[in-house]
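Here this note's numbering runs 758 ahead of the position in the sequence shown, where the first position is 1.
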Amino acid sequence: MFARCAVQSLVSGLLAISIGINPLGITGARFMCLLRGALGSLGNFLLLYAVSRIPMADANTIFFTNPIFTVIYATCLLHEPTARVEVASLIMGFTGVILVMRPTTMFNSLHESPSPITESPLALAACILGAAVSGLVPIIVRRIGESVNHLCLVFYFGITGTLLATTMLLTGVQPLTTPASAESFKAFSLLALICVLGLGTQFTFNKAMQIEKPQVCAVLRSLNVAFTFMWQQVGTADPTSSLSIMGACLIVSSTVAVLLSKIIRAGAGGKPQVESGSVQVYGRE
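Written out as structure tokens, the structure reads:
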């Protein structure tokens, strides 16, 4: 987390300065930008903490309830309407996440020992809190709108993430681990690749959250699981489960349903749902 966030803050800050933009954004929106960065970093840290103590499948399944929180927040806080197709797609996508991840709490056989998730209530609570916190991020970015360049949002996320990771390392909450010398080149190469891919993801996702409804962003977020499953099959020798294939298909289908509904509305002359609506945007009247 430290390396990824440090690279994001450095690159996004330099890019913003190079095109004449203050990385801190406009004065009136700086607190919201800082809040976006802090909540995003906290959500990531809580997920990493949970993964280190409970099975990854359990942690990721719980964490990917964050789109459900996003839809609830969007309806209650932003008063943005949620279409039926978005609700149906959200349910379909989360069902797909469960099938791909196959959490031990749901897929353990009767003869297996209880899931370790029940033995770490603190990690379970951290994962649920991480989902609730991460679900707020699209709401905050939507609230900010396009009054702040998306590079500024990435910069704040990188800075707060770097500070949080540094604090965790210095206090010993998360120990610093380094690869063995024989594998250091490969390990650091993979770390560099993670930083680059994470940077690109933050650029595109923050831009998308600025111009699209939080509900739609929440549905599309589930594609992470489907793509992870696909790359896992390509890059590893892990066996393929029919349930995982079915789950990935459900996730993709949920996304296609949302995209088709938008295309149909646009073709029928419907009003595109990319405007601010009832949401007050900073820097605009």
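Just so you know, even glycine gets a beta-carbon here, dropped at the ideal spot from N, CA and C.
- A residue is called buried when at least 16 other Cβ atoms come within 10 angstroms of its Cβ; P781 meets this threshold and is buried.
- Going by DSSP, Q932 is part of no alpha helix (DSSP H) at all; its letter is neither H nor E.
- Of the residues assessed, F943 falls on the exposed side of the cut-off, its CB having fewer than 16 other CB atoms within 10 angstroms.
- The criterion of a C-beta distance shorter than 8 Å is not satisfied by E838 and K1020.
- Just so you know, the alpha carbons of H908 and F961 end up roughly 7 Å apart.
- When secondary structure is reduced to three states using DSSP, R811 falls in the coil class, being assigned neither helix nor strand.
- Here DSSP, grouped into helix, strand and coil, assigns V906 to coil.
- Only buried fits C910, as 16 or more other CB atoms lie within 10 angstroms of its CB.
- Sorting A1024, A984 and W989 by C-alpha distance to the C-alpha of V855 places A984 at the top.
- DSSP, read as helix, strand or coil, puts S999 in coil.
- In this structure, G795 keeps its C-beta atom at 8 Å or more from the C-beta atom of I952.
- Taking G893 as reference, the option from V931, C975, V858 and A846 with the minimal CA-CA separation is C975.
- With distances taken between CA atoms, A890 lies nearest to T828 out of L772, G771 and T828.
- Boundaries of the alpha helix (DSSP H) around N982: L981 to G993.
- Excluding five sequence positions before and after V843, the CB atoms of its chain that fall closer than 7 Å to its own CB belong to A1015, V1016 and S1019, given in chain order.
- In this structure, DSSP gives P825 a helical state, which the three-state scheme calls helix.
- DSSP, read as helix, strand or coil, puts K944 in helix.
- I1022 counts as exposed, since fewer than 16 other C-beta atoms from the protein chains shown sit within 10 angstroms of its C-beta.
- The Cβ atoms of Q766 and L887 lie no closer than 8 Å to each other.
- Contact annotation: L805 and A817 have beta-carbon atoms nearer than 8 Å.
- Check the Cα spacing between Y807 and each of A883, V906 and T959: the tightest is with A883.
- Of the candidates A881, T862, M926 and T819, T819 places its Cα closest to the Cα of G851.
- Where S892 is concerned, the enclosing alpha helix (DSSP H) starts and stops at P879 to S892.
- Residue state for K965 is assigned as helix, using DSSP reduced to three classes.
- CA-to-CA, the gap between S905 and I784 works out to about 8 Å.
- Taking the C-beta atoms as reference points, M926 is found no nearer than 8 Å to F821.
- A direct Cα-Cα distance of roughly 22 Å separates K965 from I1009.
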